[in-house]
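Undergrad:
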Amino acid sequence: LRGGVTAELRGIMNALFDTYLSAHAAPAFPTAEEQARMASGQLIPGAEAAALSDDRDGGQKRADILRGVFEAATRDAGTPTMGGAAPTVMIHVNQADLAADQGVGWIDGVEAPISLVSVKQALCAGGFQEILFGENNEVLALSTENRFFNRAQRRALAARDGGCTIPGCTIPAAWCEVHHVIPWYRGGKTTIDNGVLLCWYHHHTIDTSGWQIRMVRGKPEVRAPYCYDPTRTWRPAGEHRAGPPRSRQARPPGAYVPGNIAPGSRRGRPPAT
152 LRGGVTAELR
162 GIMNALFDTY
172 LSAHAAPAFP
182 TAEEQARMAS
192 GQLIPGAEAA
202 ALSDDRDGGQ
212 KRADILRGVF
222 EAATRDAGTP
232 TMGGAAPTVM
242 IHVNQADLAA
252 DQGVGWIDGV
262 EAPISLVSVK
272 QALCAGGFQE
282 ILFGENNEVL
292 ALSTENRFFN
302 RAQRRALAAR
312 DGGCTIPGCT
322 IPAAWCEVHH
332 VIPWYRGGKT
342 TIDNGVLLCW
352 YHHHTIDTSG
362 WQIRMVRGKP
372 EVRAPYCYDP
382 TRTWRPAGEH
392 RAGPPRSRQA
402 RPPGAYVPGN
412 IAPGSRRGRP
422 PAT
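Numbers 152 to 424, taken from this note's numbering, label the letters of the sequence shown in order.
(1) Let's see if you can read the secondary structure: which residues bound the beta strand (DSSP E) around R365?
(2) Looking at C-alpha atoms only, which residue of Y336, T321, A309 is the closest neighbour of V329?
(3) So R374 is in the beta strand (DSSP E); what residue range does that whole segment cover?
(4) Does DSSP put G192 in a helix, a strand or coil?
(5) Identify whether R383 lies in helix, strand or coil by the three-state DSSP scheme.
(6) Alpha carbon to alpha carbon, how far is A324 from G154?
(7) Answer yes or no: do L291 and F284 have a C-beta to C-beta separation smaller than 9 Å?
(8) For the alpha helix (DSSP H) containing D248, list its first residue and its last residue.
(9) Do M366 and D380 have their beta-carbon atoms positioned less than 9 Å apart in this structure?
(10) Which same chain residues end up closer than 6 Å to V244 when comparing Cβ atoms and leaving out the 5 residues on each side of it in sequence?
(11) Give the DSSP-derived three-state secondary structure of A388 in the structure shown.
(12) Flag this pair as yes or no: are the beta carbons of T342 and A388 separated by less than 9 Å?
(13) Quick one: is L348 buried, meaning 16 or more other Cβ sit within 10 Å of its Cβ, or exposed?
(14) How many angstroms separate the CA atom of S266 from the CA atom of A307?
(15) Report the rounded CA-to-CA distance for C327 versus N301, giving the unit in angstroms.
(16) I265 by DSSP, collapsed to three states: which one?
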């Protein structure tokens with residue numbers, strides 16, 4: 152996809168890209184403690200730390216940012232509808248192929264197939280409906296089960312997570328997808344207690360990047376890859392968001408902080424032994 156843009160639009164796009172690609176981008180709501188550690192250089196904020204496990208080049212990152220903008224526009228209440236429905240991408244996949252983890256999926260209007268990884272991500276984030284076809288390709292049954300997070304649930308998740316759940320990622324809530332922590336194909340429910348916000352990139356790579364997510368009493372916890380946190384300890388996600396009262400205990404010196412490099416580790420490498 153290629154095209155030209157006006158100088159004004161180019162300026163807007165550059166400002167947007169610079170903001171979310173900046174190595175100095177900080178969490179949206181850092182605590183006073185985090186601000187002090189940033190000022191002293193102890194805490195490396197934002198995308199600088201997230202880059203440890205992010206191998207995308209600049210062009211790929213910009214493409215993912217644009218994808219987030221477009222997806223946010225499709226969910227906006229002011230977006231025009233077609234035939235009474237919001238803009239929707241239809242993806243088709245054979246249920247037997249999906250169960251066997253083989254084959255491909257197809258998007259309406261696009262000739263090239265997509266991988267099952269992309270199909271599963273789309274099903275996790277956007278929901279699905281089962282359609283039973285007969286031998287002559289006639290529709291025999293259409294399921295009505297709700298498999299997608301509605302606007303009210305997204306608002307609640309945005310208030311809890313603030314943006315992408317992966318520490319250091321600066322993508323805002325409006326651009327994120329909702330990830331089923333327990334996958335829908337393993338019986339996971341489409342509820343707030345089983346959903347977290349992830350940007351498209353971290354959602355697409357959640358099964359291969361080494362990041363792990365679990366829910367504890369309704370809040371997400373994350374475990375970083377070994378090169379990021381050698382202790383592989385589960386830690387609360389989104390601590391820079393509004394939540395616990397001011398009376399919460401301060402972290403001990405040297406404790407891991409989301410967005411910081413774990414003590415003893417080096418960028419992209421485990422600590423020396």
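All C-beta atoms in this analysis are idealised placements derived from N, C-alpha and C, irrespective of residue type, glycine included.
All values derive from a computational prediction rather than experimental measurement.
TA: Concretely, from the data shown:
(1) 363 to 367
(2) A309
(3) 370 to 374
(4) Since pLDDT at G192 reaches only 48, below the 50 mark, its modelled position is unreliable, and the value read off the structure follows with that caveat. Note: G192 maps to coil in three-state DSSP.
(5) coil
(6) 28 Å
(7) yes
(8) 246 to 251
(9) no
(10) G256, V270
(11) coil
(12) no
(13) buried
(14) 31 Å
(15) 14 Å
(16) strand
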